[in-house]
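Please read the structure below before turning to the comments.
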Amino acid sequence: MKKLKLVLCIIALGLVPWLSMAADAPPADAAAAVTQTVAAAAEKAPADPMAALTASASSTRVAVDTLWVLLAGALVFFMNTGFACVESGMCQSKNTVNILAKNFVVFACASLSFYVIGWGIMFGEGTGFMGSKGMFFLGGADNSPMTGDAYVGDYASINWSGVPLLAKFFFQLVFAGTAATIVSGAVAERIKFGPFVIFSFVLVAIMYPITGHWIWGGGWLGAPTAEGALAFYDFAGSTVVHSVGGWAALAGVIVLGARKGKFTPDGKVHPFPGHSLALSTLGVFILWLGWFGFNPGSTMGMGDGSAVAHVFVTTNSAAVAGIITSMLTAWILLGKPDLTMILNGCLAGLVAITAPCAFVTIPGSILIGAVAGVLVVLSVLFFDKIKIDDPVGALSVHLVNGIWGTLALGLLANNKVSNAVAAFDVTGGMAQFMVQLKGVVAVGVFTFAISFVVWFILKGAMGIRVSAEEEQEGLDIGEHGNEAYPNFVMNNQK
């Protein structure tokens, strides 16, 4: 019996560790839960940490590029203030309200017409003449900010910019508004308000986007289909924006006629001095500032900043060169350094460098601006001689120097700069110059012809010129029932 108890005790002592282990072990369903938890954690863990880092960097790049494009667009929008100041300051005080109203309303006209149809015609997929897909209300398929081969949509011509569609649209919209604003100054002090508004709608809805499509929208000038054919280049719009506005203005000036008393029967030019050169000077400073959005912003991306910086410097260099040479030219030809010529010399340099700003060296930009400063003075005198009445010099600034800047790209494009800044393999020379000349002529003939027809139709349908009495009294009262300086007028009448 004692031996049996001893055996049982030994067995019991041997089983204790095994029983303890069994008590500590989790149940079968608990073990399954642990397994599932581990598996879920493994699924949530990034398969490739580098992929996650790359995605984050890409998102940051898009955000930075979008911010830059929108800020640049805001600077270009602010140029409307500059145009309003320049034009009103260079015209008579009795027409100030009219000029301010035109500059204010024209951007509203441009915004609506470019949204409704202009954008689609300019950037939609279509023929070499005009876009047809996604034509209305920005409604085409689009997966921006995807670029290149990853892009799927109707606006492939602008898929090189890695920003959202609405950022692209806003930036291009403010350019369209600039083209319409150019017309305002050339037809100032004698045009009816209503016909000008209608023309602005037509310009931005149809004419501007068609020629814009030729160059920036994958059309026949910017993307020729013939093997070995050279493309037409215009980085920020010497032709696309400024010349188009200039040609439309020239047609309007011809149909409209000169201001009463501007040209005397014996062939002399009677000047109408601007009422506030202080206002015009402020306007030019604002435009100069805005051009740092106009040209550098046309990169539509920040990258490492080097391309943007280059365009900043070429833009500024051309402006200051235009100031110096216009001052000297006016001093020699007119006997005095006329301020209006100096102001327009600055703008002429800015317009001329707009096309080649990403293709030329810094010395090249100085040369372009210097020539522009001389041209603007000579062309103001030339237009007066042939009795083309342009109260603010818009034709000399935007048309003449838009043409010069476009041709200068063909002559002075530097291959190294073109590849590094514009990302195009372009070398200046006679071959490229002839392509640029062909584009200038094509855009000029189309825009002038269509504009002339539109102005002529408006003239026959509703009249485009105010009466002689209203022109004498001033368009502020006749067209708007307002006076810009009522106290000033009252004091003069005492």
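When the letters of the sequence shown are read in order and numbered with the working numbering, they come out as residues 550 to 1043.
Glycine included, each C-beta is placed from N, C-alpha and C at the ideal position.
Since we're looking at a predicted model, the values are computed, not measured.
Can you give me the C-alpha to C-alpha distance between residue i and residue j, rounded to a whole angstrom?
{"i": "residue 799", "j": "residue 691", "result": "38 Å"}
{"i": "residue 896", "j": "residue 653", "result": "21 Å"}
{"i": "residue 695", "j": "residue 630", "result": "34 Å"}
{"i": "residue 830", "j": "residue 1013", "result": "30 Å"}
{"i": "residue 966", "j": "residue 959", "result": "14 Å"}
{"i": "residue 646", "j": "residue 774", "result": "49 Å"}
{"i": "residue 1040", "j": "residue 873", "result": "With a pLDDT of 44 at residue 1040, under the threshold of 50, the modelled position of that residue is not reliable, and the figure given next carries that caveat. Going from the Cα of residue 1040 to the Cα of residue 873 covers about 39 Å."}
{"i": "residue 1022", "j": "residue 1016", "result": "10 Å"}
{"i": "residue 1031", "j": "residue 644", "result": "10 Å"}
{"i": "residue 1033", "j": "residue 807", "result": "24 Å"}
{"i": "residue 786", "j": "residue 997", "result": "17 Å"}
{"i": "residue 974", "j": "residue 782", "result": "11 Å"}
{"i": "residue 812", "j": "residue 821", "result": "11 Å"}
{"i": "residue 814", "j": "residue 1018", "result": "20 Å"}
{"i": "residue 796", "j": "residue 964", "result": "31 Å"}
{"i": "residue 577", "j": "residue 715", "result": "Confidence is the limiting factor: at residue 577 the pLDDT is only 45, short of 50, which leaves the residue's position unreliable and the question unanswerable from this model."}
{"i": "residue 956", "j": "residue 1037", "result": "46 Å"}
{"i": "residue 655", "j": "residue 725", "result": "10 Å"}
{"i": "residue 832", "j": "residue 876", "result": "18 Å"}
{"i": "residue 687", "j": "residue 620", "result": "21 Å"}
{"i": "residue 978", "j": "residue 918", "result": "19 Å"}
{"i": "residue 689", "j": "residue 762", "result": "16 Å"}
{"i": "residue 888", "j": "residue 940", "result": "15 Å"}
What's the call for residue i, buried or exposed, on a 16-neighbour Cβ count within 10 Å?
{"i": "residue 614", "result": "buried"}
{"i": "residue 987", "result": "exposed"}
{"i": "residue 709", "result": "exposed"}
{"i": "residue 980", "result": "exposed"}
{"i": "residue 711", "result": "buried"}
{"i": "residue 883", "result": "exposed"}
{"i": "residue 685", "result": "exposed"}
{"i": "residue 1044", "result": "This structure does not reach residue 1044, given that the chain is present from 550 up to 1043, and the question cannot be answered."}
{"i": "residue 791", "result": "buried"}
{"i": "residue 575", "result": "Note that residue 575 scores 45 on pLDDT, short of 50, meaning its location in the model is unreliable; the coordinates nonetheless yield the value given after this. Counting Cβ neighbours within 10 Å, residue 575 comes out exposed, since fewer than 16 surround it."}
{"i": "residue 983", "result": "exposed"}
{"i": "residue 994", "result": "exposed"}
{"i": "residue 717", "result": "buried"}
{"i": "residue 855", "result": "exposed"}
{"i": "residue 732", "result": "buried"}
{"i": "residue 570", "result": "Residue confidence for residue 570 is low, a pLDDT of 42 falling below 50, so the modelled location carries little weight; the figure read from the coordinates is stated next. Per the 10 Å Cβ criterion, exposed."}
{"i": "residue 891", "result": "buried"}
{"i": "residue 776", "result": "exposed"}
{"i": "residue 759", "result": "buried"}
{"i": "residue 1024", "result": "buried"}
{"i": "residue 905", "result": "buried"}
{"i": "residue 881", "result": "exposed"}
{"i": "residue 573", "result": "The predicted position of residue 573 is uncertain, since its pLDDT is 46 and thus under 50; a value taken from the coordinates is nonetheless stated next. Under this definition residue 573 is an exposed residue."}
Could you tell me which of the options sits nearest to residue i, measuring between CA atoms?
{"i": "residue 992", "options": "857, 890, 764 and 979", "result": "764"}
{"i": "residue 900", "options": "943, 889 and 859", "result": "943"}
{"i": "residue 735", "options": "938, 1029 and 982", "result": "938"}
{"i": "residue 1027", "options": "743, 679 and 793", "result": "743"}
{"i": "residue 610", "options": "886, 846, 904 and 853", "result": "853"}
{"i": "residue 910", "options": "878, 920 and 961", "result": "961"}
{"i": "residue 826", "options": "641, 795 and 656", "result": "641"}
{"i": "residue 1045", "options": "748, 781, 817 and 849", "result": "Here the chain comprises residues numbered 550 to 1043, so residue 1045 is not present and cannot be evaluated."}
{"i": "residue 809", "options": "801, 819 and 761", "result": "819"}
{"i": "residue 693", "options": "881, 612, 823 and 876", "result": "612"}
{"i": "residue 903", "options": "880, 877, 832 and 866", "result": "866"}
{"i": "residue 1020", "options": "816, 929 and 741", "result": "741"}
{"i": "residue 752", "options": "789, 824, 780 and 778", "result": "789"}
{"i": "residue 745", "options": "793, 762 and 1008", "result": "1008"}
{"i": "residue 1010", "options": "698, 747 and 779", "result": "747"}
{"i": "residue 930", "options": "817, 842 and 663", "result": "817"}
Do residue j and residue i come within 9 Å of each other at the CB atom, strictly closer than that value?
{"i": "residue 754", "j": "residue 625", "result": "no"}
{"i": "residue 949", "j": "residue 924", "result": "yes"}
{"i": "residue 860", "j": "residue 946", "result": "no"}
{"i": "residue 681", "j": "residue 669", "result": "yes"}
{"i": "residue 700", "j": "residue 728", "result": "no"}
{"i": "residue 1004", "j": "residue 804", "result": "yes"}
{"i": "residue 886", "j": "residue 864", "result": "no"}
{"i": "residue 622", "j": "residue 720", "result": "yes"}
{"i": "residue 704", "j": "residue 672", "result": "yes"}
{"i": "residue 921", "j": "residue 870", "result": "yes"}
{"i": "residue 851", "j": "residue 723", "result": "no"}
{"i": "residue 1000", "j": "residue 801", "result": "yes"}
{"i": "residue 702", "j": "residue 683", "result": "yes"}
{"i": "residue 657", "j": "residue 1029", "result": "no"}
Examine the ligand PLP and report whether any of its heavy atoms sits within less than 8 Å of the Cβ of residue i.
{"i": "residue 967", "result": "Judged by which ligands are present, the structure shown has none, so any question about the ligand PLP falls away."}
- prompt: At a cut of 8 Å, does the stretch 883 to 896 reach the stretch 826 to 842 through at least three beta carbon pairs?
  reply: yes
Stretch pair the stretch 929 to 938 + the stretch 759 to 774: three plus CB contacts closer than 8 Å: no
- prompt: Within the chosen definition, does the stretch 723 to 739 reach the stretch 631 to 646 through at least 3 CB pairs nearer than 8 Å?
  reply: yes
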